[in-house]
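The numbers in my numbering rise by one with no breaks, and the one at position 139 of the sequence shown is 662. Here a beta-carbon is modelled for each residue, glycine too, at the ideal position from N, C-alpha and C.
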Amino acid sequence: MDCMEPPFIKINDGEHGYDLKHFCIPKHYAGDLDRVLIPKGFIMDRVERLARDISDELQGHLVVLCVLKGGYQFFSDLINFIKSNNSNSSSIPVQIQIDFIRLKSYEDTHSKGEVKVMGIENLESLRGKNVLIVEDIIDTGRTMGKLLSLIENYQPKKVKVASLLVKRLEGGRKYTPNYIGFEVPDKFVVGYALDYNEYFRDLNHICVLNEAAIHKYSAEELKKSPIPQH
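As structure tokens, this is what we get:
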């Protein structure tokens, strides 16, 4: 990548993605998806490069915080690549300490104004240490801002954020992470552990939901029938 280019892969607004017929899609999601936006193999190649960048820049002891639930797949693959770098590189290795945190800000397709933060009763262990927060997707940045404010209270040495996706919004973002996989259009995407009201985490590829699925899996519809009819 040219040094003048931004440190992420941009998926343009006019990008049509890939026809579903070329991929293995779970039958229970037949009819719910518009297209594959980012195939699993493409994701893995990008995550491998992010891991190398992190290994080069954050050597030594590193506390890695996984933001659950959507970040678990990206986190798992990223950690595996970092461990592989530790074994195969002659540079200073990254000694990893792992912890988990959960944020709640989504209901249906929009971020709500309130952000609930769970699992951070004791972050005193972050004091004076390098911290990497691993997130699945950042849109407005409001949620991440809340988390960073809380972590700063514990006076870590350095805090970096890696997000697999950032959304390109008309009004811009309040926060841009340090490591980015892809910048995507303002569409509701699922798969690779990204969900819509807890569904679609078991989809390998990152896909765009169609309008019918946005309605079918909405909180209002799921109250009527917790298991959507296929």
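Helix, strand or coil: which one does DSSP assign to Ile-577?
helix
N-terminal and C-terminal residue of the beta strand (DSSP E) that Arg-665 is part of
For Arg-665, no beta strand (DSSP E) run applies; the uninterrupted alpha helix (DSSP H) run containing it begins and ends at 665-675, by DSSP.
Tyr-698 - DSSP class collapsed to helix/strand/coil:
coil
Look at the alpha carbon of Pro-749 and the alpha carbon of Glu-721, and state the distance between them as a whole number of angstroms.
11 Å
Closer than 7 Å: Arg-625 CB and nearest the ligand ZN heavy atom:
For the structure depicted, the ligand ZN is absent and the ligand set is empty, with no information on it obtainable.
Could you compute how far the alpha carbon of Val-707 sits from the alpha carbon of Leu-591?
21 Å
Given a cut-off of 8 Å on the beta-carbon distance, is the pair Ala-685 and Gln-596 in contact?
no
Beta-carbon gap between Asn-611 and Ser-578 smaller than 8 Å
no
Ordered list of beta strand (DSSP E) runs contained in the region 543-599, each at least 3 residues
556-561, 583-591
Looking at C-alpha atoms only, which residue of Ser-614, Ser-613, Asp-622 is the closest neighbour of Ile-602?
Asp-622
Given Leu-726 as reference, the closest of Ile-561, Gly-537, Pro-700, Ile-534 once Cα atoms are compared:
Ile-561
Ordered list of beta strand (DSSP E) runs contained in the region 674-746, each at least 3 residues:
If only complete runs of 3 or more residues are kept, the region 674-746 shows the beta strand (DSSP E) at 681-690, 702-707, 729-732, in order along the chain.
What whole-angstrom Cβ distance do Asn-645 and His-584 have, given they're in contact under 8 Å?
Not really, about 18 Å apart at Cβ, beyond 8 Å.
By how many angstroms is the C-alpha of Tyr-552 removed from the C-alpha of Lys-739?
11 Å
Reference Ser-741, options His-728, Asp-718, Ile-729, closest by Cα:
Out of His-728, Asp-718, Ile-729, the CA that lies nearest to the CA of Ser-741 is found in Asp-718.
If the criterion is Cβ atoms closer than 8 Å, does the pair Phe-531 and Val-570 meet it?
no
If distances are taken between C-alpha atoms only, which option among Met-641, Cys-730, Glu-743, Glu-734 comes closest to Ile-534?
Cys-730
If you draw a straight line from the alpha carbon of Leu-655 to that of Arg-724, how long is it in whole angstroms?
C-alpha separation (whole angstroms): 23 Å.
Whose C-beta lies closer than 6 Å to the C-beta of Gln-618 among residues of the same chain, with five residues either side of it excluded?
Here the set comprises His-584.
Using the C-alpha atoms, what's the distance from Lys-563 back to Lys-669?
30 Å
Buried/exposed call for Asp-576, threshold 16 Cβ in 10 Å:
exposed
Quick check on the DSSP output: the beta strand (DSSP E) that includes Glu-658 runs from which residue to which?
653-661
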